[in-house]
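Going down the list, the sequences are from chains A and B.
The first sequence finishes on residue 212 if you use this note's numbering, and the numbering steps up by one all the way, no holes.
The second sequence finishes on residue 300 if you use this note's numbering, and the numbering steps up by one all the way, no holes.
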Amino acid sequence: MIEVQRVSKTYARGVYALRDLSLQIGKGDFVFLTGPSGAGKSTLLRLLLRRDVPSDGQLIVGGRNLAELTPRQVQAYRRSVGFVFQDFKLLQKKTLLENVAFVPRVLGIGASQQQRRTFQVLKWVGLQHRMSAYPMELSGGEQQRVAIARAIVNDPLIILADEPTGNLDPDLSLEIMNLFREINARGTTVVVATHDRELIRRVGRRSVTLDHGQIVETT
Amino acid sequence: MHALRYFFSEAAASLMRGPVASALAILTISTGIFVLGVFLVVNANFQRVVDRWSQSAELSIYLADDVTPDQLAGIDQVTSRSGLVAHQEYVSREQALSRFKTDFPDLAGAAGNLESNPLPASFELQLKADVRESTIAVDGLVSTLNGTPGVADVRYDREWLARLNTVVRIGRIVATGIVILLAIAAAMTVSNVVRLTAAARRDEIEIMQLVGAPFAFVRGPFVAEGILQGGLGAVVALIALTFAFYFVRTKFTALTFLAPPMAAGLILGGILLGCIGGYVVARRVR
C-alpha cells in the first residue's frame, strides 16, 4: 500500500528531516511512527499527504509515485486519504454537522448523501446529539472525535494522524485510539505519529521509531 | 447547480463577515460605473445635438445674377452626380428676400427701401449623413462648383463642424481614459477585499486542499464574491445615476436617459469587473 523507498527530505541549509528512509506499510496495517520531537514523523506524514515531495528517493502509495502526480491527480489522491491533526483543524464558525458535512460538500456529493454520511459518522463517534454545537463548546476529546469523523466521512483508504492525542489526557487518548482501531478493523490503513510510548504499548500495534530522520527501531 | 449554490452562499457569508471592506469595494465599483454612466448619458445627449446640427448644416451655392438656364442645369448635374447630396432646393432671389424679411423682421423695412434685391439666388444642399465627415469628398465638390459657370460663391460650414467633432472626439478619449482608470481601480479594490477574505478563510481553504476538493470548489467562492461585489456596485451606481439624471432634467428637460441595453451593459460591466477582481485572487489559490 505504502512504499517509502530511500526517501530523504532536506530543508534550507541542508538540514535533513528524513535521511535515506525505507519503510513498507501494507494495506490494512496499523502503524505507529514514534520518536522524539524533530525525528521526522511529521515530515513523513506531510510527504504521505502530498503536501511536500521528497528531496530524494520515492514515495509510492497504491502504486503511484506521489512526486509525479499532477495537481489534479494530487486532488484525487487526497480524496483517498483522511487526516487528523493534533490541533484538530476544525472550522470554528461552523457547527459539528457543518464541519463534517463540509468534506462531502466540497467534493460535490449530493445533499441527501452528504446528510446521510455525516449523520452516520457523527453517530459512530458518539456525537450525533451535539450536531448543532460549535467546536468551542466541546472538550478536546470531543473535538478530536469530530476531526476523526471528518477524516472518515469520505471513506478513505488511508488515515494519517499527526499527534492526534497530543492535547488529550491518557483516558481520552485511549478512547481516540480505540476509534482508530475500529477504523482499521474495517480494512483502512492507519498511520499514527505520536511520541507517547505508553499509548503505543497499551494499543499494542507495530511501531517504527525514528530519530534524526532515520529508522532506529521497528517493533 | 449545487456548486453554484455553494459558491454564492459562501460569498454572501464572506461579504457579511467583512461588511466595511465589502462596502468599500462596492462603493469603488459604483463610483467607476457611475462616472461611466454619466459619460454615456452626456455622450448620448451631446451626440444627439451634434447630429441635429450636422443635419441642418447646408452647403450653399450662390448663383451669379446673370446665370442662364443651361448653367443652372450644369450646376444641378454637378451636385447630383457627386453622390454626396441628400436634398437640394433652389431658392430664387425673391424667396431669399422673403426669407430674410422673415428671419430678420427688424431689418425688413430697410430691405424694402432698397431699389433692387441685393440677395442672390442659390441652391441649398443637405449632404448625406455618411459623407458629412468626409472632408476630401466635400472639398472636391466645393472646388468643382467654384469652377462651374454661373456659380458666384460656395459656402460650406465645414470648419466649425470639424472643430466640434474634434472636441467631441477628445472628450470621448479623455472620458474613456478616466473610465479605464476607474475600472482598474475598482478591479484592484475588489481584488484586495477578496484577498482579505482569502486570509480570513485560510483554515477552510487548507482543509479543502487537504481533502482534495476540486480547484473550482476552492476558487469558486472568491470569483462569486467578486461577482456579488461588482453586481451590487453596478446596481448602486445605476440607482445613483437615475437620481442624478432626474435631478438634472428638472433644469434641462430635453435630456434623455440611457437606453435599457446600455443600462444592462453597465450592470454586466460591474459584474465582469468584480469577476476579474475575484479571479485574480482565486487563481493564486492552488
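Ideal Cβ placement from N, Cα and C applies to all residues, glycine included.
I believe residue i touches residue j by the beta-carbon criterion, under 8 Å. Please report the beta-carbon distance rounded to the nearest angstrom.
{"i": "ILE219(B)", "j": "ALA212(B)", "result": "7 Å"}
{"i": "GLY292(B)", "j": "GLY247(B)", "result": "Not confirmed; about 13 Å, so no contact."}
{"i": "ILE176(A)", "j": "ILE152(A)", "result": "6 Å"}
{"i": "GLY240(B)", "j": "VAL182(B)", "result": "In fact, because the Cβ distance is near 35 Å, the residues do not count as touching under 8 Å."}
{"i": "ASN131(B)", "j": "ARG107(B)", "result": "5 Å"}
{"i": "GLY50(A)", "j": "GLN(-2)(A)", "result": "5 Å"}
{"i": "LEU161(A)", "j": "VAL139(A)", "result": "13 Å between Cβ atoms; not a contact."}
{"i": "LEU77(B)", "j": "GLY164(B)", "result": "6 Å"}
{"i": "SER44(B)", "j": "VAL250(B)", "result": "4 Å"}
{"i": "VAL146(A)", "j": "ARG110(A)", "result": "5 Å"}
{"i": "GLY46(B)", "j": "ALA197(B)", "result": "6 Å"}
Return the bridge partner residues of residue i from the DSSP annotation.
{"i": "ILE152(A)", "result": "GLY75(A) and VAL183(A)"}
{"i": "GLN51(A)", "result": "GLN(-2)(A)"}
{"i": "GLN102(B)", "result": "LEU139(B)"}
{"i": "TYR76(B)", "result": "SER136(B) and ASP167(B)"}
{"i": "ARG57(A)", "result": "VAL54(A)"}
{"i": "THR3(A)", "result": "TYR9(A)"}
What is the rounded straight-line gap between the Cα of residue i and the Cα of residue j?
{"i": "ALA69(A)", "j": "LEU224(B)", "result": "11 Å"}
{"i": "LEU100(A)", "j": "ALA126(A)", "result": "23 Å"}
{"i": "LEU203(A)", "j": "THR181(A)", "result": "23 Å"}
{"i": "PHE266(B)", "j": "ARG95(B)", "result": "43 Å"}
{"i": "VAL67(A)", "j": "PRO97(A)", "result": "17 Å"}
{"i": "ASP80(A)", "j": "ASP13(A)", "result": "29 Å"}
{"i": "GLU156(A)", "j": "GLN137(A)", "result": "11 Å"}
{"i": "ARG6(A)", "j": "GLY206(A)", "result": "16 Å"}
{"i": "THR270(B)", "j": "THR93(B)", "result": "37 Å"}
{"i": "GLY284(B)", "j": "GLU24(B)", "result": "20 Å"}
{"i": "ALA39(B)", "j": "GLN243(B)", "result": "7 Å"}
{"i": "ALA268(B)", "j": "PHE259(B)", "result": "12 Å"}
{"i": "ILE169(A)", "j": "ALA10(A)", "result": "28 Å"}
{"i": "SER200(A)", "j": "HIS188(A)", "result": "11 Å"}
{"i": "ARG123(A)", "j": "LEU89(A)", "result": "7 Å"}
{"i": "THR27(A)", "j": "ALA27(B)", "result": "42 Å"}
{"i": "LEU111(B)", "j": "HIS101(B)", "result": "22 Å"}
{"i": "LYS34(A)", "j": "ARG174(A)", "result": "20 Å"}
{"i": "THR178(B)", "j": "ALA151(B)", "result": "The amino acid at residue 178(B) is misidentified as Thr; the sequence shows Leu. Approximately 19 Å between the Cα atoms of the pair."}
{"i": "GLU210(A)", "j": "LEU16(A)", "result": "12 Å"}
{"i": "ARG44(A)", "j": "TYR4(A)", "result": "14 Å"}
{"i": "THR180(B)", "j": "SER148(B)", "result": "14 Å"}
{"i": "PRO275(B)", "j": "SER74(B)", "result": "40 Å"}
Would you give the residue range spanned by the beta strand (DSSP E) that residue i belongs to?
{"i": "PHE25(A)", "result": "23 to 27"}
{"i": "LYS142(B)", "result": "Looking at the DSSP string, LYS142(B) is not in any beta strand (DSSP E), and its letter there is neither H nor E."}
{"i": "TYR293(B)", "result": "No beta strand (DSSP E) holds TYR293(B); the alpha helix (DSSP H) holding it covers 274 to 296."}
{"i": "GLU210(A)", "result": "207 to 211"}
{"i": "ALA10(A)", "result": "9 to 18"}
{"i": "VAL165(B)", "result": "165 to 170"}
{"i": "ASP153(B)", "result": "No beta strand (DSSP E) contains ASP153(B), which is instead part of the alpha helix (DSSP H) from 149 to 160."}
{"i": "VAL99(A)", "result": "That residue, VAL99(A), is in no beta strand (DSSP E); its alpha helix (DSSP H) goes 89 to 99."}
{"i": "ARG199(A)", "result": "199 to 204"}
Need the endpoints of the alpha helix (DSSP H) that residue i sits in, please.
{"i": "ASP189(A)", "result": "Counting along the chain, ASP189(A) falls outside any alpha helix (DSSP H), and DSSP gives it neither H nor E."}
{"i": "LYS115(B)", "result": "107 to 117"}
{"i": "TYR260(B)", "result": "229 to 263"}
{"i": "ASP90(B)", "result": "83 to 96"}
{"i": "GLN85(A)", "result": "It is not in any alpha helix (DSSP H) - GLN85(A) carries neither H nor E in the DSSP assignment."}
{"i": "VAL114(A)", "result": "104 to 117"}
{"i": "PHE22(B)", "result": "16 to 31"}
{"i": "PHE271(B)", "result": "It is not in any alpha helix (DSSP H) - PHE271(B) carries neither H nor E in the DSSP assignment."}
{"i": "PHE173(A)", "result": "163 to 178"}
{"i": "ARG39(A)", "result": "34 to 41"}
{"i": "ASP217(B)", "result": "216 to 224"}
{"i": "VAL139(A)", "result": "133 to 145"}
Tell whether a beta-carbon distance below 8 Å holds between residue i and residue j.
{"i": "ALA296(B)", "j": "PHE236(B)", "result": "yes"}
{"i": "PHE25(A)", "j": "ARG198(A)", "result": "yes"}
{"i": "GLY226(B)", "j": "ARG57(A)", "result": "no"}
{"i": "GLU129(B)", "j": "GLU103(B)", "result": "no"}
{"i": "PHE53(B)", "j": "ALA189(B)", "result": "yes"}
{"i": "VAL54(A)", "j": "ILE(-5)(A)", "result": "yes"}
{"i": "GLY234(B)", "j": "PHE21(B)", "result": "yes"}
{"i": "LEU192(A)", "j": "THR158(A)", "result": "yes"}
{"i": "LEU280(B)", "j": "LEU50(B)", "result": "yes"}
{"i": "LEU38(A)", "j": "ALA186(A)", "result": "yes"}
{"i": "VAL93(A)", "j": "ALA142(A)", "result": "yes"}
{"i": "LEU59(A)", "j": "VAL0(A)", "result": "no"}
{"i": "PHE95(A)", "j": "ILE221(B)", "result": "yes"}
{"i": "GLY88(B)", "j": "THR158(B)", "result": "no"}
{"i": "LEU42(A)", "j": "PHE76(A)", "result": "yes"}
{"i": "ALA199(B)", "j": "ILE290(B)", "result": "no"}
Under 7 Å: does the beta carbon of residue i sit that close to some heavy atom of the ligand MN?
{"i": "ILE152(A)", "result": "What this structure holds is no ligand at all, so the ligand MN is not there to describe."}
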